Amino acid sequence: MNKLISLWILVKPKIRYLFLMYTAFLLYTNSKIISTRSSILILLDAFLIIYTFITLNKNHDKQYSNSFFIISICIYSLIWIFGHCDNIYYFILLDDLFDIKNSKRRNIFLIFHASIFAFIICFKSLSEESFSNSINDIAFLFLIYALIIITYFSIHKLRWDRDKLKILNSNLIEYSFKEKEFLISNERNRISQELHDSIGHSLMALSMNVRYLKAIKGTQKMDKELDDIDDLVKESIDTLRNTVYNLRKLDENLCFNEQVKNIINKFNELDIVKINFDCDKSIENTSVHIKNVLLTTIKEGITNGLKHGNPNEINISVESITSNKNVPLIKLLITNNGTGCKNIIKSHGLNGITERIESVNGSVTFKSPNGKGFIIEALIKGN
56 MNKLISLWIL
66 VKPKIRYLFL
76 MYTAFLLYTN
86 SKIISTRSSI
96 LILLDAFLII
106 YTFITLNKNH
116 DKQYSNSFFI
126 ISICIYSLIW
136 IFGHCDNIYY
146 FILLDDLFDI
156 KNSKRRNIFL
166 IFHASIFAFI
176 ICFKSLSEES
186 FSNSINDIAF
196 LFLIYALIII
206 TYFSIHKLRW
216 DRDKLKILNS
226 NLIEYSFKEK
236 EFLISNERNR
246 ISQELHDSIG
256 HSLMALSMNV
266 RYLKAIKGTQ
276 KMDKELDDID
286 DLVKESIDTL
296 RNTVYNLRKL
306 DENLCFNEQV
316 KNIINKFNEL
326 DIVKINFDCD
336 KSIENTSVHI
346 KNVLLTTIKE
356 GITNGLKHGN
366 PNEINISVES
376 ITSNKNVPLI
386 KLLITNNGTG
396 CKNIIKSHGL
406 NGITERIESV
416 NGSVTFKSPN
426 GKGFIIEALI
436 KGN
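FYI, my numbering numbers position 65 of the sequence shown as 120, with every residue one higher than the one before it.
See below:
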């Protein structure tokens, strides 16, 4: 079902224009002679094609204005009544109404659409048939209309539930990311505390032994205290080495390519979104801090895109490049095919990405070309 919905979203604009052009063809062929009425109807249809094209290209988030629905429904209603053509496009407009996110606004336009439909059916049926036959035809057409409404509602309800589930799963994955970061941070704090306690204790004991040496007399006692001091120093060095080793081990476990693939697998397992990833092997040689910044940016880029753009595909690439001034750079590019936006307003997530990239002497830009999809491009000085 999800594939069918995605296919319909893809082909719907083409079908829309196809039926509008087919309507113009019917208006032309159904007229034995090109009368003033048929000319006006063809012009109205041409206007509707142009108006729809402009509106679709302006509003990629499918949140069309009230005027679009009113103008489209009214114009096509006139064509339907006086042009003796099919009413398929009228039901494509009905599908558009279910794309309205605000339920109150959606219900108002559904009532408006149904009222116009009822008026047209009654007008055409009562003017062409006997009264008894018209009543049966009207009842049958209203039944068909109700079934279409139920079908559209069921399909869009599935889409709404799917989108809500996608965001919920995305939030859960984001929580798991933060939990893992919290555990790593706790481990670092534990090791740091261990280093502080052990070295601090040893240095305190060393200080006391030195003071004692200053106070005692006799070579034998002094030799024993010097041996104790030597043992304490060796023990402190061993503790320091072990602690540094444990910290390095935490960092060595950070294989960038593997970490990104683990992130992608979490989303793939839940069938949330298709993620494509490409990375230069040389990125593994960069500092752990930069790799952590890149990882966090990728996580934020995915979850932020799912929450606000609802894409079905995300592309991530990380590569080593050289600037015009021969400065080695790391380029991170995250793109998605979700809903775009005219004006980019930096949310908490985008501000966080900017701060992290700038903390490693990098720069980041956010784009939504022609209101389609979203692009995050970051450049960081390589090291």
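Positions of the beta carbon are idealized from the N, C-alpha and C atoms, including for glycine. Fair warning: this is a prediction, and the values are worked out from it, not measured in the lab.
ask   = Can you list, in chain order, the residues of its chain whose CB lies under 6 Å from that of A79, leaving out five sequence neighbours each side?
value = Taking the first residue of the sequence shown as 1, we reach residue 79 at position 24. Within the same chain, A79 has close Cβ partners I97, D100.
query = For D333, which residues from the same chain have a beta carbon less than 6 Å from its beta carbon, with the 5 sequence-adjacent residues on both sides left out?
reply = Along the sequence shown, read from residue 1 onward, the residue named residue 333 stands at position 278. Here the set comprises S372.
key: The beta strand (DSSP E) enclosing E368, as first and last residue numbers   = Taking the first residue of the sequence shown as position 1, residue 368 is located at position 313. Unbroken beta strand (DSSP E) run through E368: 368 to 377.
request  = Mind listing, in chain order, the continuous beta strand (DSSP E) runs of no fewer than 3 residues lying wholly within the stretch 84 to 150?
outcome  = List check, beta strand (DSSP E) in window: nothing returned.
task = Output yes or no for whether 9 Å exceeds the beta carbon distance between I147 and F102.
result = Residue numbering aside, residue 147 sits at position 92 when the sequence shown is read from its first letter. Residue numbering aside, residue 102 sits at position 47 when the sequence shown is read from its first letter. The Cβ-Cβ distance between I147 and F102 does not fall below 9 Å.
key: Residue from I199, C177, A201 whose Cα sits closest to the Cα of I190   = Walking along the sequence shown from the start, residue 190 turns up at place 135. Of the candidates I199, C177, A201, the one whose C-alpha sits nearest the C-alpha of I190 is C177.
query = If you draw a straight line from the C-alpha of S132 to the C-alpha of I175, how long is it?
reply = Residue mapping note: residue 132 aligns to position 77 of the sequence shown, counting from 1. Residue mapping note: residue 175 aligns to position 120 of the sequence shown, counting from 1. Cα to Cα, S132 sits roughly 8 Å from I175.
request  = Quick one: grab the DSSP three-state call for V66.
outcome  = Within the sequence shown, residue 66 is the residue found at index 11, counting from 1. V66: helix per DSSP, three-state reduction.
query = If you draw a straight line from the alpha carbon of A201 to that of S120, how long is it in whole angstroms?
reply = The residue given as residue 201 occupies position 146 in the sequence shown. The residue given as residue 120 occupies position 65 in the sequence shown. Taking the straight line from one Cα to the other gives about 25 Å.
inquiry  = Less than 9 Å between the C-beta atoms of Y207 and L149, yes or no?
reply    = On the sequence shown, position 152 is the one that residue 207 refers to. On the sequence shown, position 94 is the one that residue 149 refers to. Their beta carbons are under 9 Å apart, which means Y207 touches L149 by this criterion.
task = Quick one: which unbroken beta strand (DSSP E) runs of 3-plus residues sit fully inside the stretch 328 to 363? Chain order, please.
result = 329 to 334, all fully within the stretch 328 to 363.
task = Indicate the three-state DSSP secondary structure (helix, strand or coil) for G395 in the structure shown.
result = Your numbering for residue 395 matches position 340 in the sequence shown. In the three-state reduction of the DSSP assignment, G395 falls in the coil class.
task = With a threshold of 16 other CB atoms inside 10 Å of the CB of H168, please say whether the residue is buried or exposed.
result = Against the sequence shown, residue 168 aligns to sequence position 113. H168 should be labelled buried.
request  = Please check the pair I435 and L384, which I expect to be a contact at CB under 8 Å, by giving their CB distance rounded to whole angstroms.
outcome  = The residue given as residue 435 occupies position 380 in the sequence shown. The residue given as residue 384 occupies position 329 in the sequence shown. Yes, I435 and L384 are in contact; Cβ-Cβ is about 7 Å, under 8 Å.
request  = Identify the continuous beta strand (DSSP E) that holds V315 and give its terminal residues.
outcome  = Along the sequence shown, one-based indexing puts residue 315 at 260. Here V315 belongs to no beta strand (DSSP E); instead the alpha helix (DSSP H) covers 311 to 324.
ask   = Going by beta carbon distance, what residues of the same chain come within less than 7 Å of G360, once the five residues before and after it are set aside?
value = Sequence index remark: in the sequence shown, residue 360 carries index 305 (1-based). If we look at G360 and ignore the five residues flanking it on each side, its Cβ neighbours are P366, I369, N391, G393, F429.
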